[in-house]
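Comments concern the structure below.
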């Protein structure tokens, strides 16, 4: 066998055989393999045949050789190794020098504002696209040609109506009572307590009941829509629908939007009844107003226009809450954290959207002098 290790002009040459390093050489003294003791080396060169593909014995032998050379004070460079083997031997010799920790540059205020603006613009554009798609699908739904499961539609109807009756009744009853208390304190001083009926009736029918019902359903039903669709997104059920050629907007979003938009006016009328009842109960106790007088004053104060405006608001608020819940559910990240983030975003955006849309209604009503 030719010498495995040779010295040439201050270099140590390792001649790799055709079949690589024999495992028996791993325990054999390096002096028997050609290493001359006591000679300093500045470089280690590996000579290998063109067909050589290094294996574990080759790496182990070279690592042993480098350790002994390093122990003798010869911290030498290595030539002729494949890149991956060179990295492996660097780790065996004690590891490559640790790179300086890299801390990503924090974006400045303008960059953060720009990124936030781009995110908001992307969300708004996606919401508008979903709104347009659902609007085009509504005639198809009422024509009975939409791809919607009847069982799911009934579940959405139940979730958006009968299961919400309790919380809608309690919140509107308390709201009517609070309005009556506040009005009684101010109007009693002018001996005009009967006008509490006007205050409670107009404020409830035109403004507060639609907003309050929408906020309650945003936290209850809208959040449920977002969480359910976000979970389906994480389980790749939405991808499965797309692969089968079924539109997620038609199968998942359309029945929820139609159900909540149609049921909101009914819940609005139901909530108005409890708001007026709460105002009547407080007026009878605090102002000593009879139920008949309170009912007559309320009937004179509330015109048909107030109920029409309130019902239109309820219709629009219901569609908005459902759309936002489905929108954030479809755009949720595929994780448990994504479900929570989608639910939170849906509730917050729904509340802000309802108030903003109510401001638009107020401007339109003022322009029309209604």
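In the working numbering, the protein residues as written are 434 to 803. We treat Cβ as the ideally placed atom computed from N, Cα and C, and that holds for glycine.
Three-state secondary structure (DSSP) at residue i?
i	result
residue 624	coil
residue 718	helix
residue 746	helix
residue 451	coil
residue 511	strand
residue 802	coil
residue 478	strand
residue 580	coil
residue 393	One cannot answer for residue 393 here, as it falls past the ends of the chain, which runs 434 to 803.
residue 488	coil
residue 677	coil
Give the C-beta separation of residue i and residue j to the nearest angstrom, bearing in mind that I take them to be a contact with Cβ-Cβ under 8 Å.
i	j	result
residue 707	residue 605	4 Å
residue 651	residue 775	So it is not a contact: roughly 14 Å between Cβ atoms.
residue 643	residue 575	That pair is no contact at about 24 Å.
residue 660	residue 590	With 8 Å as the limit, residue 660 and residue 590 do not qualify as a contact, their Cβ atoms being about 18 Å apart.
residue 755	residue 690	4 Å
In chain order, what residues of the same chain have a beta carbon less than 8 Å from the beta carbon of residue i, not counting five sequence neighbours either side?
i	result
residue 710	606, 609
residue 602	703, 704, 707
residue 522	492, 495, 496, 499, 511, 514
residue 548	540
residue 785	none
residue 600	649, 653
residue 476	443, 444, 445, 509, 510, 511, 512
residue 614	715, 719
Could one say the Cβ of residue i lies closer than 7 Å to chain C's Cβ atoms, at least one of them?
i	result
residue 658	Chain labels in this structure do not include chain C; a single protein chain is all it has.
Please determine, among the options, the residue with the shortest C-alpha to C-alpha distance to residue i.
i	options	result
residue 654	640, 630, 696	696
residue 571	623, 714, 613, 694	694
residue 632	566, 488, 733	733
residue 737	502, 688, 803	803
residue 617	584, 720, 516	720
residue 780	658, 621, 459, 502	658
residue 748	558, 586, 794	794
residue 565	640, 782, 752, 730	752
residue 648	788, 761, 460	788
residue 759	538, 687, 797, 485	687
residue 700	678, 675, 637	637
residue 671	622, 800, 640, 767	767
residue 485	757, 448, 544	448
residue 488	517, 677, 673, 585	517
residue 624	439, 755, 673, 722	722
residue 680	782, 746, 581, 483	581
residue 585	479, 744, 685	685
Identify, in the order they occur along the chain, each residue of the same chain with its Cβ nearer than 7 Å to the Cβ of residue i, setting aside the five sequence neighbours on each side.
i	result
residue 682	563, 566, 567, 570
residue 619	none
Could you name the residues of the same chain whose beta carbon sits closer than 6 Å to that of residue i, not counting the 5 residues immediately before and after it, in chain order?
i	result
residue 460	none
(message) For the pair the segment 481–494 and the segment 448–463, tell me if three or more CB-CB distances fall below 8 Å.
(response) yes
(request) Check whether the segment 711–724 touches the segment 621–629, counting contact only when three or more Cβ pairs, one atom from each stretch, lie closer than 8 Å. (result) yes
(message) With three or more C-beta pairs closer than 8 Å as the rule, is the segment 758–775 touching the segment 576–583?
(response) no
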